[in-house]
Amino acid sequence: MGFELETADHPERLRRVAIDPLSRVEGHGKVSILLDDDDRVRQVRLHIVEFRGFEKFIQGRPYWEVPVMVQRLCGICPVSHHLAASKAMDVIVGAGQLTETAEKLRRLMHYGQILQSHALHFFHLASPDLLFGFDSELSRRNIVGIAAAHPETAKRGILLRKFGQEVICATAGKRVHGTGSVPGGVNKSLTAAECDFLLADSARMIDWSLAAVQLIKQLHRQNPALYDNFANFRANSMSLVAHDGSLDLYHGQLRVRDADGKLLFDRVDYQAYGQLIAEGVKPWSYMKFPYLVGLGEERGWYRVGPLARVQNCDRIGTPLAEAERQEFLAYAGENGRSGPLHATLAYHWARMIEMLFAAETIAALLADPALQGDQLTTSGQRVAEGVGVIEAPRGTLIHHYRVDDDDLVSVANLIVSTTHNNQAMNSAVREVAKTYLDGRRLTEGLLNHIEVAIRAFDPCLSCATHALGQMPLEVLLYDAGGAIVGRLCRASGGGLSS
Amino acid sequence: MSDVFLLDGEQVPFTVGQTVMAAARAAGRYIPHLCWHPEFQPHGSCRLCTVKADGHFAAACTLAARPGMTVDNRTAELDDQRRTLLQMLFVEGNHFCPSCEKSGACKLQATAYELKMMTPHFDHFFPDRAVDASHPDLLLDFNRCILCELCVRASRDADGKNVFAITGRGIKSHLIVNSPSGRLADTAMSLADRAASVCPVGVILAKGRGFVIPIGERRYDRQQIGAAEEQ
Ligand code: SF4
Ligand code: NI
Chain U
41 MGFELETADH PERLRRVAID PLSRVEGHGK VSILLDDDDR VRQVRLHIVE FRGFEKFIQG
101 RPYWEVPVMV QRLCGICPVS HHLAASKAMD VIVGAGQLTE TAEKLRRLMH YGQILQSHAL
161 HFFHLASPDL LFGFDSELSR RNIVGIAAAH PETAKRGILL RKFGQEVICA TAGKRVHGTG
221 SVPGGVNKSL TAAECDFLLA DSARMIDWSL AAVQLIKQLH RQNPALYDNF ANFRANSMSL
281 VAHDGSLDLY HGQLRVRDAD GKLLFDRVDY QAYGQLIAEG VKPWSYMKFP YLVGLGEERG
341 WYRVGPLARV QNCDRIGTPL AEAERQEFLA YAGENGRSGP LHATLAYHWA RMIEMLFAAE
401 TIAALLADPA LQGDQLTTSG QRVAEGVGVI EAPRGTLIHH YRVDDDDLVS VANLIVSTTH
461 NNQAMNSAVR EVAKTYLDGR RLTEGLLNHI EVAIRAFDPC LSCATHALGQ MPLEVLLYDA
521 GGAIVGRLCR ASGGGLSS
Chain D
713 MSDVFLLDGE QVPFTVGQTV MAAARAAGRY IPHLCWHPEF QPHGSCRLCT VKADGHFAAA
773 CTLAARPGMT VDNRTAELDD QRRTLLQMLF VEGNHFCPSC EKSGACKLQA TAYELKMMTP
833 HFDHFFPDRA VDASHPDLLL DFNRCILCEL CVRASRDADG KNVFAITGRG IKSHLIVNSP
893 SGRLADTAMS LADRAASVCP VGVILAKGRG FVIPIGERRY DRQQIGAAEE Q
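Just so you know, the protein sequences line up as chains U and D, in that order.
Going by my numbering, the first sequence opens with residue 41, and the numbers climb by one from there.
Going by my numbering, the second sequence opens with residue 713, and the numbers climb by one from there.
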């Protein structure tokens, strides 16, 4: 089944420093659909052209530089990489337990990032599909269109994102590519004035996040036939949870539930993630396929991200988000259903519950005087290897480094959320193709539906491809003989070609 | 009674034997420069401090001040030339400010901001340069070396150790470590040396410090380069 993958700019030819990988490598998604002689869909594959050269950029660099450097990895969640790398380097410098001030400032930074990324994902990138319809006019299906038709919603989306960015700026020193988190802690705390400034807006952010949950919930309830069934597939779920089982996006232990919601693995120390998961390779994809070692490649794949997290945890520690989680679970159990919700569009609902959790968490942290402390870093016995794991906006993010005696990184392995979700996104696209492919014709409608499914996970595959903005997508249709019988492509600017 | 010369139309006092650069600096006036440092012999190599003295181009760091001399410094013409020199420095090395720990305290970067350099303009050379991490307390990242020779002078003249040297010619010239192995670990260099803190860019670095100084408190966050102390 050897379909040729398109050849991206070869990462090995990129040189370290001074080249911004963001501008050099534009990632894209490609979907290939294979028909049999009766024009039935026989195979569907989502190929994400991933840029894996970044590990090479990191090799040979001093460990303390890495948390800042890795922010170039993603245009949407640089802070997640900043923190995941910092957590790995905490281990390297022997900082077993951060100071209270450092830990809380890092949490604040992370929840600021969750808030801004979730707001961007939902309001700017997903809500146009959901509010106008998947097949509505493309020129309107963007935040500008939302601003015209639903000005209050658009305004809230923009201001929620801005608030998240301000939290990042205060803790990291800059809105993008800050330096706040360092191995063993942070490099600054907040002043009382900075806390008060952010606190003044935090109640409104909670209100607006709550309203966003109501909005997506309403959309679900209005059209359950679509929302429950679109790109629905059963899968295991993986995420970090706190020691007490509650939702924690900054730190915890790995937990995996099966498709029925039963615990498969729990309290797994992520330093040993390599015993829990392995990365499978398939000849047709550059991107790897992680799976649970204990279950094998066939059965061991899983989904990560909001839908996994909200259903994996035992509770959410903030009251409004917990109430919404309860309602989500109740909905999942309606109409004789049992077990977790597997509907792909439920990602957005779960995402908004998390945004509410982030807003509540930020407000609570800002009121904590520990944020103004002066104990910023700790260190201890220097070791050679460290793993940092964080729940990034789109899912579990693993950074793993080995550092030689001379303080230079010798091995780096990063597993981003897009990679964890590779098989899950393939399954989602497969479901869409089965439902919406009409004979041998590729339609814009099909392309739209595929995009909506991918966007529920990842708006632009940015973590894997480092692209920012809309993801270019190409769909190819092959007949049983392997000949291309259809091609449809949407460029990042939105233009359609065949 | 000291003599005066005119720098961009304003009087600058000087004492006999003083250079234009030293006199300007003493008077709180800024002439852009990279290889000059008040503690060390002027070197005149970076050419950034080129001024027009009585109509002739000259390096301010080696030019002796004369009474009544008219010196053009921050003219559009001279700053244009300086910007071009900076752009060449940026593409000759591997300077990637967003992930460089010297960012905000780097003289090259601060000078580029001061001179409003917006793009590197030229094609990057992407030279293949190594990192020397052999020393327990110090890291050398040669990617960022601008060959100002301050470390050479500091190690020789202040530390009496002669740890660094420039070798090769023209575009091939580069900084080396004076030890049989070529590694810093095999020299007498120590963290307390003057040479360890003199580098205006991010080549000679104390290990493990990284980004410990937050954005907003770095050298050139606090003071513009024209007013900042030499490092
Ligand atoms: S290492 Fe630094 S001080 Fe030495 S020549 Fe290079 S830039 Fe100048
Ligand atoms: Ni990302």
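For glycine and all other residues, C-beta sits at the position ideal for the given N, C-alpha and C.
These figures come from a predicted structure and were not determined experimentally.
{"Item": "Secondary structure of D:H836, DSSP reduced to three states", "Value": "coil"}
{"Item": "Coil, strand or helix - U:S167 by DSSP", "Value": "helix"}
{"Item": "Selected residue, minimal CA-CA separation from D:D840, among D:P744, D:A738 and D:H807", "Value": "D:H807"}
{"Item": "Residue-chain proximity (D:I927, chain U), Cβ-Cβ < 8 Å", "Value": "yes"}
{"Item": "The beta strand (DSSP E) enclosing D:P694, as first and last residue numbers", "Value": "This structure gives no information on residue 694 of chain D, because the portion of chain D shown stretches from 713 to 943."}
{"Item": "Any non-hydrogen atom of the ligand SF4 closer than 7 Å to D:C857 Cβ", "Value": "yes"}
{"Item": "Proximity below 8 Å, CB of U:F497 to CB of U:Y387", "Value": "yes"}
{"Item": "Test item: CB-CB of U:Q153 and U:V119 under 8 Å", "Value": "yes"}
{"Item": "Within-8 Å CB hit, D:L896 to chain U", "Value": "no"}
{"Item": "Stretch pair the stretch 459-479 of chain U + the stretch 870-877 of chain D: three plus CB contacts closer than 8 Å", "Value": "no"}
{"Item": "Beta-carbon proximity of D:E813 to D:P744, cut-off 8 Å", "Value": "no"}
{"Item": "Alpha carbon of U:G379 to alpha carbon of U:R343, nearest angstrom", "Value": "15 Å"}
{"Item": "Spatial distance of U:K228 from U:I208 (CA atoms)", "Value": "12 Å"}
{"Item": "Contacts around D:M800, its chain only, beta-carbon distance under 7 Å, and the 5 residues preceding and following it disregarded", "Value": "F834"}
{"Item": "Assumed close pair D:A908, D:A918 - CB separation to whole angstroms, cut-off 8 Å", "Value": "7 Å"}
{"Item": "Reduced DSSP secondary structure (H/G/I, E/B, other) of U:K474", "Value": "helix"}
{"Item": "Burial state of U:N263 (16 or more Cβ within 10 Å)", "Value": "exposed"}
{"Item": "Range covered by the beta strand (DSSP E) that runs through U:M278", "Value": "N276 to V281"}
{"Item": "Any chain U beta carbon closer than 8 Å to D:F923", "Value": "yes"}
{"Item": "Contact test: D:P839 Cβ vs the ligand MG heavy atom, cutoff 7 Å", "Value": "Because the ligand MG does not appear in the structure shown, any question about it cannot be addressed here, the ligands present being the ligand SF4 and the ligand NI."}
{"Item": "Beta-ladder partner(s) of U:N453, from DSSP", "Value": "U:H440"}
{"Item": "C-alpha gap between U:R530 and D:L719, whole angstroms", "Value": "60 Å"}
{"Item": "8 Å Cβ cutoff, D:V843 in contact with chain U", "Value": "yes"}
{"Item": "beta-carbon D:C863 near the ligand SF4 non-hydrogen atom, thresh 7 Å", "Value": "yes"}
{"Item": "Cβ-Cβ distance between U:R307 and U:S277 below 8 Å", "Value": "no"}
{"Item": "Contact under 8 Å by Cβ, U:M392 with U:L86", "Value": "no"}
{"Item": "The beta strand (DSSP E) enclosing D:I883, as first and last residue numbers", "Value": "Neither: D:I883 is in no beta strand (DSSP E) and is coded neither H nor E."}
{"Item": "Three CB pairs or more closer than 8 Å across the stretch 125-143 of chain U and the stretch 455-463 of chain U", "Value": "no"}
{"Item": "Cβ of U:K551 within 8 Å of any chain D Cβ", "Value": "Outside the modelled stretch of chain U, which goes from 41 to 538, sits residue 551 of chain U, for which no answer is possible."}
{"Item": "Range of the contiguous beta strand (DSSP E) that encloses D:A770", "Value": "H768 to A771"}
{"Item": "CA-to-CA distance, D:N785 to D:T762, given in whole angstroms", "Value": "8 Å"}
{"Item": "Closer than 7 Å: D:P912 CB and nearest the ligand SF4 heavy atom", "Value": "yes"}
{"Item": "Alpha-carbon spacing of U:R244 relative to U:Q258, whole angstroms", "Value": "21 Å"}
{"Item": "Proximal residues, the stretch 795-829 of chain D versus chain U, C-beta separation under 7 Å", "Value": "N806, H807, F808, P810, S811 and E813"}
{"Item": "DSSP-derived helix/strand/coil call for D:L852", "Value": "strand"}
{"Item": "Of the listed residues U:I183, U:S242 and U:A233, nearest to U:L200 (C-alpha basis)", "Value": "U:S242"}
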